[in-house]
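Read the sequence shown against this note's numbering and you will find it ends at 440, with the numbers running on by one and no gaps.
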Amino acid sequence: VPYLVPDLPWNFSQHAANVLVVPAEGFDVQRLKKRIDDEFGTGAVRMVDGAVGMSSDSIQLVKNCIFLLNDPSHSVLIDQEDRIRGYYDLRLREEEDRLRVELKILLKKY
Numbered sequence: 331v332p333y334l335v336p337d338l339p340w341n342f343s344q345h346a347a348n349v350l351v352v353p354a355e356g357f358d359v360q361r362l363k364k365r366i367d368d369e370f371g372t373g374a375v376r377m378v379d380g381a382v383g384m385s386s387d388s389i390q391l392v393k394n395c396i397f398l399l400n401d402p403s404h405s406v407l408i409d410q411e412d413r414i415r416g417y418y419d420l421r422l423r424e425e426e427d428r429l430r431v432e433l434k435i436l437l438k439k440y
């Protein structure tokens, strides 16, 4: 049985692909969002900033206990059924490419 993300303030079931990003030094989430929107269409992939409105303790709880993110990964892909599909360090081009491949699969754009 795959690990399912528990109920959280973000409703992942409304989008086929959700990318949750927690703060990482040297990473520009807006740049990635623009590139993903350009490739898949605006709004096709939901980008969630995992830090908005949260204390640093809450961010660590979300990162370590809910999404099971280990350094250097700072991003997680969640599908419409609340399943974690992959972990990424999106500061690396290879990891961004790996995310894009998984997005193509989820969005059936291959």
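Glycine is no exception: its CB is placed at the ideal position from the N, C-alpha and C atoms. Everything numeric in this text was worked out from a predicted model, so none of it was measured.
- Look at arginine 413 here: in three-state DSSP terms it is strand.
- By the C-beta density criterion, isoleucine 435 is exposed, having fewer than 16 other C-beta atoms within 10 angstroms.
- Nearest in C-alpha terms to alanine 346, of all of Phe357, Glu426, Arg415, Val375, is Val375.
- With 16 or more other Cβ atoms inside 10 Å of its own Cβ, lysine 393 counts as buried.
- If you look at aspartate 401, you'll find it isn't in any beta strand (DSSP E); DSSP assigns it neither H nor E.
- Less than 8 Å separates the beta-carbon of isoleucine 408 from that of leucine 350.
- A direct Cα-Cα distance of roughly 30 Å separates proline 336 from aspartate 368.
- Counting along the chain, arginine 376 sits inside the beta strand (DSSP E) bounded by residues 375 to 379.
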